[in-house]
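This is the structure we're talking about:
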């Protein structure tokens with residue numbers, strides 16, 4: 672069996688989490704702007720075509736909202752993963768420090 676060493680850089684995980692979070696906020700901002708434009712358009716465009724258009728965009732908005740919830744879950748999961756790795760590393764350091772320095776007295 673080959674020796675495998677896994678080195679986890681929790682700062683990279685946290686930075687990735689922050690990046691996901693920023694992208695999610697950007698997507699939400701754009702979606703809100705888009706929906707405001709659709710609402711504004713309804714003051715000058717009425718009828719069945721306008722209703723169908725608005726309904727289509729509302730469906731898109733619902734899909735984006737679901738996607739944003741998934742992004743939030745990823746952000747939280749990445750933060751938790753980083754915390755778990757940091758805690759495990761600290762626990763290992765504590766255990767190593769508790770080992771006896773001299774096991775053979777002589």
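Numbering (my numbering), first residue to last: 672 to 777.
All residues carry an ideal CB built from backbone N, CA and C; glycine is no exception.
All values derive from a computational prediction rather than experimental measurement.
- request: Tell me whether the beta-carbon of residue 682 lies closer than 7 Å to the beta-carbon of residue 756.
  value: no
message: To the nearest angstrom, how far is the alpha carbon of residue 770 from that of residue 675?
response: 24 Å
message: Using C-beta distances below 7 Å, list every residue in its chain close to residue 709, excluding the 5 sequence neighbours before and after it, in chain order.
response: Taking C-beta separations shorter than 7 Å and ignoring five residues to either side along the sequence, the partners of residue 709 in its chain run 725, 728, following chain order.
- prompt: Would you call residue 684 buried or exposed, if buried means 16 or more other Cβ atoms sit within 10 Å of its Cβ?
  reply: buried
Backbone CA spacing between residue 723 and residue 716 [nearest angstrom]: A direct Cα-Cα distance of roughly 11 Å separates residue 723 from residue 716.
query: Should residue 749 and residue 688 be called a contact, given that it needs their Cβ atoms to be closer than 7 Å?
result: In this structure, residue 749 sits near residue 688, with a CB-CB distance shorter than 7 Å.
message: Measuring only the C-alpha atoms, how far is residue 692 from residue 706?
response: 21 Å
Cβ-based burial, residue 753 [other Cβ within 10 Å; buried from 16]: buried
field: Assumed close pair residue 702, residue 735 - CB separation to whole angstroms, cut-off 8 Å
entry: 5 Å
task: Look at the alpha carbon of residue 772 and the alpha carbon of residue 747, and state the distance between them as a whole number of angstroms.
output: 40 Å
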